[in-house]
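In the working numbering, the protein residues as written are 53 to 381.
See the structure below:
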């Protein structure tokens, strides 16, 4: 049977706590050998002051004990991050506080579900827009620049010197621009991922970032299970963003990229580790938050922190059971 105090509201419990303290002090004064003179004697003032101090201390202790769950709830409200889901408060306290904690946990469940749904829509729209832009760069801008190159070649072949040499320099500039546009289009739409799979796409990505001053070493297991298009795209985009951040901000010279099937073969792990200056408590930017949103789409766990020794490590861990559920859906 539920204790009657469990049904009392927070107001009435606080009121009864205070009433109990005041009643106890009143009873002590009634039955004790205490009198109050007019004017109040020093001894009587000291006794009354001591009783008041005891009352205040008892009241403060009881309220601190009763309202401790509210302090934990307030701390969680201030620190909760929907990009790091799963944290829930233990339901403790009496009826009113327990109901408040349950309601807060239910609200977090709903917010995380709504955040995951909206993020999935947004990222899906983002990928569609990337594909559209990549297609336009390839079909429109790329073809236009190719036609310009052919025309420049025709002009250079028939122009006298030194005009011919100048035209060929322009031709080389246009060719470099065309190569850059193709590179951008590949990053926007990783065709190699669709055509050859995740392992080949990551190898190609590592090659793109292996430029002057930065070396990317890759280790990719050969026995990776089928992961599905959505999971492979998340792994690829996280690797792409991690390498982009490393190249732009870390000052690293060596980067290792590994994709492994962890024993007891329940996890797929993507690990990117560099030897740069590290994150040093820097606030997370849009790129990292985008990585966290992508990880949420497939129920993966993303951790970003200091690497052993120096540098930064990005670790994405994908439970295979969730991948299999997505396949079955």
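From the three backbone atoms N, C-alpha and C, an ideal C-beta is built for every residue, glycine too.
Within the continuous beta strand (DSSP E) that includes residue 357, where are the two ends?
Where residue 357 is concerned, the enclosing beta strand (DSSP E) stretches over 353–358.
In the DSSP assignment, find the beta strand (DSSP E) that holds residue 320 and state where it starts and stops.
Run containing residue 320: 319–326, per the beta strand (DSSP E) assignment.
Between residue 207 and residue 193, what straight-line distance do the alpha-carbon atoms span, to the nearest angstrom?
Their Cα atoms are separated by approximately 21 Å.
Could you tell me which of 222, 109, 142, 246 sits nearest to residue 124, measuring between CA atoms?
Of the listed residues, the one whose Cα sits closest to residue 124 is 142.
Straight-line CA distance for residue 56 to residue 69?
Confidence at residue 56 is low in this model, with a pLDDT of 49, below 50, so the placement of that residue is unreliable and no value is reported for it.
N-terminal and C-terminal residue of the beta strand (DSSP E) that residue 365 is part of:
Annotation for residue 365: the continuous beta strand (DSSP E) segment containing it runs 364–371.
Residue 307, DSSP secondary structure in three states:
Strand, per DSSP.
Same chain, Cβ closer than 7 Å to residue 157, neighbours up to 5 away in sequence not counted
Sequence-distant Cβ neighbours of residue 157 in its own chain, meaning closer than 7 Å and more than five residues away, are 140, 141.
Are residue 268 and residue 319 closer than 8 Å when you measure CB to CB?
Not closer than 8 Å, so no.
Between residue 171 and residue 365, is the Cβ-Cβ spacing less than 8 Å?
No, these two residues do not count as a Cβ contact at 8 Å.
When you compare the CB positions of residue 326 and residue 304, do they come within less than 8 Å of one another, or not?
A contact, by the Cβ cut-off of 8 Å.
Would you call residue 58 buried or exposed, if buried means 16 or more other Cβ atoms sit within 10 Å of its Cβ?
Note that residue 58 has pLDDT 49, beneath the 50 cutoff, so the model's placement of it is unreliable and no number is given.
What residue does the alpha helix (DSSP H) around residue 198 start on, and which one ends it?
Residues 194–210.
Pairing CB atoms from the segment 251–270 with CB atoms from the segment 198–216, are three or more of them under 8 Å?
Too few Cβ pairs lie closer than 8 Å, so no.
Since I believe residue 348 is in contact with residue 168 (beta carbons under 8 Å), could you give me their beta-carbon distance rounded to a whole number of angstroms?
So it is a contact: roughly 5 Å between Cβ atoms.
Does DSSP classify residue 331 as helix, strand or coil?
Note: residue 331 maps to coil in three-state DSSP.
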